[in-house]
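Reading through the structure tokens given below for one structure.
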Amino acid sequence: MAKTRVLIVGGTGYIGKRLVKASLAEGHQTFILRRPEIGLDIDKLQVLMEFKRQGAELVEGSFSDHRSLVEAVKKVDVVICAISGVHFRSHNLLLQLKLVDAIKEAGNVKANATDELPERLIGAVRVSHIELSSAIVPVLESDSSDTLKT
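All letters in the sequence shown, in the order written, are residues 273 to 422 by our numbering.
Below you can see the structure in the form of structure tokens.
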């Protein structure tokens, strides 16, 4: 199986760290979105530097800079968003919709990436995604492009 180029957004969080580790362990070219919003959070910066040492590539991008998100997405085949919604659920949903817009504009991300990624990566963390899916799926279904369908 050919290795996939994977972008993980939220790679320093509880779930994101596990996804990055699993992606690297599978030998995928792994990119992590490094958002300037994390500022000088030493713990997150240390996590990013350790992943970089292990072979992950850090990509600069911000939810407040649409062009930077599009450019980050253009580097990969698969985007996995693992940003936390614990404290500001509605705000993070809006951020994820910005990411969906960037994915649509980039036009290169495959919708059914789970067909290509091994179960160990997909199963790195078992989480419920019903709430997110019910919000994003209608947006994706309204898009008629062949590149991004649910």
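C-beta atoms are modelled at their ideal positions from N, C-alpha and C, and glycine is treated no differently.
In this structure, what does DSSP give as the bridge partners for residue 287? DSSP output for residue 287 lists no bridge partner at all.
Given a threshold of 16 other Cβ atoms within 10 Å of its Cβ, counted over all protein chains shown, does residue 318 qualify as buried or as exposed? exposed
Mind checking which residues open and close the alpha helix (DSSP H) that includes residue 343? 338-345
Which stretch, first to last residue, makes up the beta strand (DSSP E) that contains residue 317? Element bounds for residue 317: not the beta strand (DSSP E) but the alpha helix (DSSP H), 314-325.
I'd like to know if the stretch 293-309 and the stretch 372-384 are in contact, where contact means that at least 3 CB-CB pairs between them fall below 8 Å. no
Once the 5 residues before and after residue 300 are set aside, which same chain residues still bring their CB inside 6 Å of it? 275, 276 and 278
What residues match up with residue 305 in a beta bridge as DSSP calls it? Answer by DSSP bridge pairing, in chain order: 331.
Where does residue 315 land, buried or exposed, given buried means 16+ other C-beta within 10 angstroms? Result: exposed.
From residue 351 to residue 329, what distance separates their C-alpha atoms? 14 Å
How many whole angstroms separate the CB atoms of residue 354 and residue 288, which I take to be in contact at a CB cut-off of 8 Å? 4 Å
Rounded to a whole number of angstroms, what is the C-alpha to C-alpha distance between residue 347 and residue 371? 14 Å
Taking 8 Å as the threshold (beta carbon to beta carbon), is residue 317 in contact with chain B? Chain labels in this structure do not include chain B; a single protein chain is all it has.
Residue 280 (DSSP reduced to helix, strand or coil): strand
Can you tell me whether residue 355 is helix, strand or coil according to DSSP? coil
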